[in-house]
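Mapping to our numbering: the sequence shown position 186 is 188, numbers consecutive.
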Amino acid sequence: MQEGTSQKVDEPPNFLHTDDVGSFLDLKAEFIKRRDAALIGKQASHIYSNSTLKNKKNILAITKEEKKAKQQLSERRAQRIRQNEEEIRKEEQQRLRQQQILEQKALIYERMSHGEKLTYEDGREAEFLVDFHNKKKELEAGCSSSCTQNDDLTDDELRRSDDDDERQRVKEAPLVVHYDPFEEKGRVFGASHVPLPTLNEEAREKKIAELKSMTEETKIERNKRKLQRNAEKEEERYRVNKIRQRMGMPLLESSDEEEEQELPTNGDIQSSSTPAESNVIDNQMTKEEEKPKKFGVREWDRGKVGHMRWIEAQREDRDEEFAPPASYRETKRKR
Numbered sequence: 003m004q005e006g007t008s009q010k011v012d013e014p015p016n017f018l019h020t021d022d023v024g025s026f027l028d029l030k031a032e033f034i035k036r037r038d039a040a041l042i043g044k045q046a047s048h049i050y051s052n053s054t055l056k057n058k059k060n061i062l063a064i065t066k067e068e069k070k071a072k073q074q075l076s077e078r079r080a081q082r083i084r085q086n087e088e089e090i091r092k093e094e095q096q097r098l099r100q101q102q103i104l105e106q107k108a109l110i111y112e113r114m115s116h117g118e119k120l121t122y123e124d125g126r127e128a129e130f131l132v133d134f135h136n137k138k139k140e141l142e143a144g145c146s147s148s149c150t151q152n153d154d155l156t157d158d159e160l161r162r163s164d165d166d167d168e169r170q171r172v173k174e175a176p177l178v179v180h181y182d183p184f185e186e187k188g189r190v191f192g193a194s195h196v197p198l199p200t201l202n203e204e205a206r207e208k209k210i211a212e213l214k215s216m217t218e219e220t221k222i223e224r225n226k227r228k229l230q231r232n233a234e235k236e237e238e239r240y241r242v243n244k245i246r247q248r249m250g251m252p253l254l255e256s257s258d259e260e261e262e263q264e265l266p267t268n269g270d271i272q273s274s275s276t277p278a279e280s281n282v283i284d285n286q287m288t289k290e291e292e293k294p295k296k297f298g299v300r301e302w303d304r305g306k307v308g309h310m311r312w313i314e315a316q317r318e319d320r321d322e323e324f325a326p327p328a329s330y331r332e333t334k335r336k337r
């Protein structure tokens with residue numbers, strides 16, 4: 003045995019001779035990579051199993067508060083179900099009771115319609131507010147009389163009566179009126195709103211004169227309201243100007259419409275002045291007419307005035323060499 007073991011130990015190692023050394027290195031690298039992947043997968047599965055075991059108790063466990071809330075919820079639900087069942091049972095009992103009363107009334111009415119007299123247990127006759135026997139006789143008598151009257155009339159008389167009824171209904175039908183001028187007295191009327199008589203000429207002329215007088219009244223009322231509005235605007239402008247003057251801001255100017263209303267007309271001036279004064283006033287009026295009108299800043303031009311002034315200042319400071327030709331300004335003025 004010792005000789006055998008010594009022979010095994012003394013045997014030299016067997017070497018593999020190959021020219022492709024890189025294949026061994028690739029094989030070793032592949033082995034290491036697969037070994038590492040197996041180790042990582044094993045560790046991940048171990049971590050997942052531990053976490054599931056730890057969290058399993060938390061998912062399935064119910065605390066005392068949750069258990070108590072669940073019990074209270076089930077009790078409230080059961081109480082609500084019992085209440086609903088009780089209400090349904092009461093409604094059904096009431097419906098059955100009403101149905102029974104109606105059936106009893108129907109039986110009593112049927113017995114009375116056949117001529118049977120109803121009595122109580124002690125023998126007294128039942129008294130009702132309506133005498134069904136007389137009511138039935140009246141209905142039968144009325145039906146028989148109307149039937150006999152219709153039988154007595156001939157077809158021509160019936161047709162004639164129907165035509166008379168139709169003619170009377172057509173006469174009583176009102177005309178279709180789209181506008182009633184008497185509904186609103188303070189309205190500004192026009193020719194299309196006032197019905198003018200066509201046959202009576204005097205009434206027509208009277209109506210036209212009334213319409214003209216109403217038109218004049220409307221114009222006077224409009225002028226009054228206009229003057230009142232202008233007076234209110236003037237008062238408001240006066241208050242604002244006082245505040246602006248106190249703050250050192252420029253005063254607001256009155257609008258062109260207010261100036262036109264404040265100025266008297268040419269006819270009033272000529273009637274209330276001498277010929278010499280009228281000539282002076284005419285000269286003043288012509289001078290005022292020659293003056294260019296001052297237009298206020300439009301709403302959509304607010305904020306542009308300062309920009310335009312800056313542009314004009316830049317144009318004034320600009321050298322003439324860089325100015326556009328004169329034809330540009332002429333074409334712009336023509337436009």
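For each residue, glycine too, the CB sits at the ideal point set by N, CA and C.
key: Length at least 4, wholly inside the segment 56 to 136: the alpha helix (DSSP H) runs in chain order   = 66 to 115
key: Three-state secondary structure assigned by DSSP to residue 256   = coil
key: Cβ pair residue 231, residue 254 closer than 8 Å   = no
ask   = Alpha carbon to alpha carbon, what distance is there between residue 209 and residue 219?
value = 15 Å
ask   = If you run the structure through DSSP and keep just helix, strand and coil, what is residue 223?
value = helix
query = What separation, rounded to the nearest whole angstrom, lies between the Cα atoms of residue 105 and residue 112?
reply = 11 Å
request  = Check the C-beta distance from residue 1 over to residue 110 and give it rounded, since I have them as a contact under 8 Å.
outcome  = Here the chain has residues from 3 to 337 only, and residue 1 is not among them.
key: Residue interval of the alpha helix (DSSP H) (run including residue 325)   = No alpha helix (DSSP H) holds residue 325; DSSP gives it neither H nor E.
ask   = Going along the chain, which residues of its own chain have a beta-carbon closer than 8 Å to the beta-carbon of residue 330, five neighbours each way excluded?
value = none
query = So the alpha helix (DSSP H) residue 251 belongs to, where does it begin and stop?
reply = Taken as a continuous stretch (DSSP letters only), residue 251 belongs to no alpha helix (DSSP H), as it is neither H nor E.
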